[in-house]
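The structure appears right after this line, and notes come after that.
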Amino acid sequence: MSTVLKSQKANALKAGQEKGKRKADDMDVDQEESSTRKRNKQRVMLLSSRGVTHRMRHLMNDLEALLPHVKKDSKLDSKSQLHLLPELADLNNCNNTLYFEARRHEDLYLWAAKTPNGPSIKLHVQNIHTMDELKMTGNCLKGSRGLLSFDKNFDDTEWGRLTKELFTHMFGVPPGARRAKPFIDHILTFSILDSKIWFRNFQIIEKDPLQPDGPPQTTLVEIGPRFVLTPIRIFEGAFSGATVYSNPEFISPTIVRSALRRAKGAKYGSRKQAQEESMRRKDLRKRDEDELAVSKVFA
10 MSTVLKSQKA
20 NALKAGQEKG
30 KRKADDMDVD
40 QEESSTRKRN
50 KQRVMLLSSR
60 GVTHRMRHLM
70 NDLEALLPHV
80 KKDSKLDSKS
90 QLHLLPELAD
100 LNNCNNTLYF
110 EARRHEDLYL
120 WAAKTPNGPS
130 IKLHVQNIHT
140 MDELKMTGNC
150 LKGSRGLLSF
160 DKNFDDTEWG
170 RLTKELFTHM
180 FGVPPGARRA
190 KPFIDHILTF
200 SILDSKIWFR
210 NFQIIEKDPL
220 QPDGPPQTTL
230 VEIGPRFVLT
240 PIRIFEGAFS
250 GATVYSNPEF
260 ISPTIVRSAL
270 RRAKGAKYGS
280 RKQAQEESMR
290 RKDLRKRDED
300 ELAVSKVFA
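If you read the sequence shown in the numbering used here, its first letter stands for residue 10, the second for the next number, and so on.
So this is what it looks like as structure tokens:
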């Protein structure tokens, strides 16, 4: 009986050693696979300058809700010290930065940069419509990952390919993000039209709302927000450096306003000149006073 027990114990010990060896081999294989697998570790810092309006703040809140890998920071006091942004991104453990810069007359500019070495792109933001303004029927889960859809026109130009790569890093939610949900229920679309980038957000619906019991039918319903981006310049570094691309078709809103003021001033000057010319013609048509006038006869 003792010999049987001894043999069973030896067999169990041998099996345990082999099992432990197999586990170690499996762990080695998993480590090799994890080391070769490319991991997406993109994190985005979102902040703005002083002077943003309520619509700009709502737009930033909508982007923060759509992108769970975004970390929002406080406002930047100075608009001229943009070299501080790569340091702030490094302190927040972020390798991308979305910076909204507010100017006079409610002009809004967006800086999208890879920190700390660049490149970076400056865009003019127009036609802003937030989720509260649109009142769309679509809805998506907060923190869910979205698909990115780029227009084929992005591949036709060099600045379009570079912008597409930057937006892929910033708007593409990593699968291992801290607040990301394991769902994909909306699509972020970027389209180029009239040398402008049009942003839209759509919900993916797999059932027809009019026929809920019918066959599955995939449709898209817009959620919001929506805005239009006009590229201005692409820099080699983060918020600085040599200019890689400059948009020759971009006209600054300040130049447009000054042209309107000059046109209004020219219109006023022409009107005053016409009035002076009318007064001059009246003076020329004026006749001398007659000697037999009532004022002289009965003086």
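Idealized CB from N, CA, C, for every residue including glycine. The structure displayed is predicted, hence computed values, not measured ones.
Should residue i go down as buried or exposed, given a rule of 16 or more other Cβ atoms within 10 Å for buried?
i, result
"Phe180", "buried"
"His195", "buried"
"Thr212", "Before going further, note that residue 212 is Gln rather than Thr in the sequence given. Per the 10 Å Cβ criterion, buried."
"Gly233", "buried"
"Ser43", "Annotation note: pLDDT 47 at Ser43 (below 50); position unreliable, coordinate value reported separately. Under this definition Ser43 is an exposed residue."
"Ser83", "exposed"
"Ala33", "Its pLDDT being 43, under 50, Ala33 is placed unreliably by the model, and nothing is read from it."
"Gly169", "buried"
"Pro95", "buried"
"Tyr277", "exposed"
"Ile260", "exposed"
"Glu27", "In this prediction, Glu27 scores a pLDDT of 49, lower than 50, which makes its location untrustworthy; no coordinate-derived value is stated."
"Thr166", "exposed"
"Arg59", "exposed"
"Phe307", "exposed"
"Ala302", "exposed"
Taking the alpha-carbon positions, what's the residue i to residue j distance?
i, j, result
"Ala222", "Glu215", "Checking the sequence, you will find Asp at residue 222 rather than Ala. Approximately 12 Å, taken between the alpha carbons."
"Asn102", "Arg52", "8 Å"
"Leu91", "Ala122", "11 Å"
"Phe163", "Val134", "18 Å"
"Ser153", "Leu75", "8 Å"
"Met288", "Arg296", "15 Å"
"Phe244", "Ala283", "51 Å"
"His63", "Phe109", "13 Å"
"Thr172", "Thr139", "23 Å"
"His78", "Arg112", "27 Å"
"Gly246", "Arg266", "31 Å"
"Asp37", "Phe208", "Confidence at Asp37 is low in this model, with a pLDDT of 49, below 50, so the placement of that residue should be treated as unreliable; the coordinate-derived value is given next. Each residue's Cα considered, the two are about 45 Å apart."
"Pro225", "Asp217", "7 Å"
"Lys50", "Ile201", "28 Å"
"Glu115", "Ile206", "20 Å"
"Lys273", "Thr263", "15 Å"
"Lys190", "Asp71", "17 Å"
"Leu219", "Cys149", "19 Å"
Taking the DSSP output, what are the residues bridged to residue i?
i, result
"Lys123", "Asn105"
"Ile130", "Ala121 and Ile243"
"Thr198", "Ser158 and Arg209"
"Ser153", "Lys190"
"His178", "Answer is none; His178 lacks a bridge partner."
Give a single yes or no on whether residue i has its beta carbon closer than 7 Å to a heavy atom of the ligand NAP.
i, result
"Gly181", "In the structure shown, the ligand NAP is absent, as is every other ligand, since no ligand is present at all."
On the premise that residue j lies in contact with residue i, defined as a C-beta separation below 8 Å, what is that separation, rounded to the nearest angstrom?
i, j, result
"Lys88", "Leu55", "Between Leu55 and Lys88 the Cβ distance is about 17 Å, and since that is not below 8 Å, they are no contact."
"Asn126", "Phe236", "Contact doesn't hold; Cβ gap of about 28 Å is too wide."
"Leu100", "Leu238", "No, Leu100 and Leu238 are not in contact; Cβ-Cβ is about 27 Å, not under 8 Å."
- Message: List, from N- to C-terminal side, the beta strand (DSSP E) runs of 3 residues or more that fit wholly inside the region 42-115.
- Response: 53-57, 79-81 and 105-111
- Message: Which complete beta strand (DSSP E) runs does the region 236-296 hold, if anything under 3 residues is left out?
- Response: 252-255
- Item | Unbroken stretches of the beta strand (DSSP E), 3 residues or longer, contained in the region 213-238 | 228-231
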